[in-house]
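Inspection log for the structure reproduced underneath, given as structure tokens.
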Amino acid sequence: MSRWFFAALLIGVLPVAQAVEQRLEFEIEGQKRRVLLFVPDEPSAEPRTLVVVFHGRGDDDRAFARAVRLHQDWPKAIVAYPRGELRENSTQRGWQYRPGDQGDRDLALTDRLLEELSRRHGTQPEKTHVAGFSNGGHFTLLLMAERPHAFATFTVIGSVAPGFSSESPPKPVLYLFGRGEDRRYREDWAGTVEALARHNRTQGPLTKFMGCCHLQSPSAKGAPFVFGTYGAGHIWPSQGNQWLKEFSQHPWPSP
């Protein structure tokens, strides 16, 4: 047997990191909340990366996890899929849009989740990332405004918020939008790019980044802003996990 063939056999049987599925349940102000959690089954000497991913309106944690599969593409990270709850007079699950909406129930869930994962797994804000799709993206923007220090990066996919404005400190942001989205949202997409660039205090020329996007560098006390479009409609992009992982792991400078 050649050395090369033997080495190939060894590579073929190397263990692949797996994630153990768990279910967290909380009772917050009389309401039961749940989070689908995937935790690597191998020990780590360093604090784990944590990624919290919020589904869109009308979806739930388990169906979204099956569709996105971030825990499979990032098996060394702890990946949390919280479940939204029904809004008043609605049959669809979702997330609050603004401070005070739904009694801030989703901000409270996020606070509780981060506290519990820090206690159980030693997660830290500098290695904690958040992403959201559609209504989950709107909630991610709310977290950027209301909980900027809880996360290292923010990723917004398939959402528009041209009126976004906040006095919170800038943090690295990835903003993705499908080229197949409804035409009526195109101006809102452009307006959202402008709003996030203002918030992150970016300026100057655009640089190609990750093969999908453009990076605009920040001015003093700003933070990087990455934005781009993908060839699909109102769905999570097929390369979304790859882009999210690369963006989150990039060594962004501190503001």
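Numbered by mature numbering (1 follows the signal peptide of the UniProt record, and there is no 0), the letters in the sequence shown go through residues -19 to -1, 1 to 236 in order.
For each residue, glycine too, the CB sits at the ideal point set by N, CA and C.
Per DSSP, reduced to three states, the secondary structure at H215 is coil, with no helix or strand assignment. Counting C-beta atoms within 10 angstroms of its own C-beta, E96 has fewer than 16 neighbours from the protein chains shown and is therefore classed as exposed.
Within the same chain, and ignoring the five residues on either side of T30 in sequence, the residues whose Cβ sits closer than 6 Å to its Cβ are A58 and K108. In this structure, DSSP gives G144 a state outside helix and strand, which the three-state scheme calls coil. Between the beta-carbon of G185 and that of P151 there is about 15 Å, and that puts the pair past the 8 Å contact cut. Runs of the alpha helix (DSSP H) lying entirely within the segment 39 to 78 and spanning at least 4 residues, in chain order: 42 to 49 and 51 to 54. Put simply, of G37, I9, E10 and H52 the residue whose alpha carbon is nearest the alpha carbon of L17 is H52. Only residues of its own chain outside the window of five on either side were considered, and among them T134, A204, P205 and W233 have a CB closer than 6 Å to the CB of P153, listed in chain order. The beta-bridge partner set that DSSP reports for G209 consists of L157 and C194. Residue state for G185 is assigned as strand, using DSSP reduced to three classes. The C-beta of V1 has fewer than 16 other C-beta atoms within 10 Å across all chains shown, which makes the residue exposed. For the options E148, G117 and L177, the alpha carbon positioned closest to that of D42 is the one of G117. The beta carbon of P28 is closer than 7 Å to those of G103, T104, Q105 and K108 in its chain, skipping five residues each way along the sequence.
Note on S219: under 16 other CB atoms within 10 angstroms of its CB, so exposed under the neighbour-count rule.
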